[in-house]
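Going by the numbering used here, the sequence shown wraps up at 196, each residue one higher than the last. Even for Gly, the Cβ is constructed at its ideal location relative to N, Cα and C.
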Amino acid sequence: MKYSILFGPPGAGKGTQAASMVENYNLCHLSTGALLRSEIAAGTPLGLKAKSLIEAGNLVPDEVVEGMIASRFASAPAVAGFLLDGFPRTIAQAQALDAMLKERGEEVTAVVSIMIPDEMIAQRIAHRATIEGRADDAAPEIVQNRIDTYHQKTEPIIGYYSAAGKYHEIDGTGTIEEVAGRISALMNKF
Ligand code: AMP
Numbered sequence: 007m008k009y010s011i012l013f014g015p016p017g018a019g020k021g022t023q024a025a026s027m028v029e030n031y032n033l034c035h036l037s038t039g040a041l042l043r044s045e046i047a048a049g050t051p052l053g054l055k056a057k058s059l060i061e062a063g064n065l066v067p068d069e070v071v072e073g074m075i076a077s078r079f080a081s082a083p084a085v086a087g088f089l090l091d092g093f094p095r096t097i098a099q100a101q102a103l104d105a106m107l108k109e110r111g112e113e114v115t116a117v118v119s120i121m122i123p124d125e126m127i128a129q130r131i132a133h134r135a136t137i138e139g140r141a142d143d144a145a146p147e148i149v150q151n152r153i154d155t156y157h158q159k160t161e162p163i164i165g166y167y168s169a170a171g172k173y174h175e176i177d178g179t180g181t182i183e184e185v186a187g188r189i190s191a192l193m194n195k196f
C-alpha cells in the first residue's frame, strides 16, 4: 500500500490536484479539512468542537485529526494507496503518522509538495472564496492567520521529510494542467 502526502500552503491547489491524482493512481483521498467540514455540516460533537477553531483559521488539536486518519486506515478500502491531503500539518502529526504506519508494517511513500509564493496564496484563496463559499476563506485576517500558522507549524515538516529523503517539491504556479503534468511526472517515479 502506498501512502503519499500532498503537501503545500493553503490555496496551493491540493484539493484540485487530488481529484485527478486519486483517479489516475487508484488512491483513497483523505482530506482532513474536508472530513472536518463534513463533521461540521452533520453537527456532530467533533464538528462542533472544530467549527470555531477552523473559522478562526487555527488548527484543530492533533489528536482529533490523528483519530480521523487512524480510523480511515483501519477500514482499508480496495485501493492502491492513500492520498493524504492537509495531513500531517504539524511535526507531532507527522510523528504520529509514522507510528501508525509502523504498526501496520508500512511507511510514508513520498511527500509531493505543491509550492506557491505567499502573494499567490492570498490571491488563490480570494478566488476560491467566490466559488466554494468556505467561511475560513472569507476574511483577509483569517486567511493571514492560516498563512502564519502554515509557516510556523506546518512548514517545519519540510525538514522532517527531507531528512528522511521523502520530500519532493514541484512548482505550483501556472495552470491546473501544467501543475498536474508536473505532479504526474513525479508520481510516476514511485
Ligand atoms: P484545509 O481544507 O486543508 O484547508 O483545512 C481547513 C481547516 O481545517 C484548517 O485551516 C484547519 O483549521 C483544519 N485542519 C485541516 N487539516 C488539519 C490538520 N491536519 N491539523 C489541524 N487542523 C486541520
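Just mark residue i as buried or exposed, buried being the case when its beta carbon has 16 or more other beta carbons within 10 Å.
i, result
"E72", "buried"
"F196", "exposed"
"Q99", "buried"
"R110", "exposed"
"Q23", "buried"
"E113", "exposed"
"P146", "exposed"
"G180", "exposed"
"E45", "buried"
"A102", "buried"
"G178", "buried"
"I60", "buried"
"A56", "buried"
Bridge partners for residue i per DSSP, in chain order?
i, result
"D177", "M121"
"F13", "S119"
"H133", "Partner(s): none; H133 has no beta bridge."
"T37", "Just to set this straight, residue 37 is Ser in the shown sequence, not Thr. Note: S37 sits in a beta bridge opposite D91."
"K8", "G87"
Tell whether a beta-carbon distance below 8 Å holds between residue i and residue j.
i, j, result
"I127", "P16", "yes"
"G21", "D91", "yes"
"A25", "M121", "no"
"L107", "L33", "no"
"G63", "D142", "yes"
"V66", "L36", "no"
"M74", "T38", "yes"
"A116", "H157", "no"
"L52", "V28", "no"
"A84", "Y31", "no"
"V118", "I182", "no"
"D68", "T96", "yes"
(Q) Could you check whether the stretch 153-167 touches the stretch 11-26, counting it as contact only if at least three pairs of C-beta atoms, one from each stretch, sit closer than 8 Å? (A) When C-beta atoms of the stretch 153-167 are compared with those of the stretch 11-26, three or more pairs fall below 8 Å, so the two segments count as touching.
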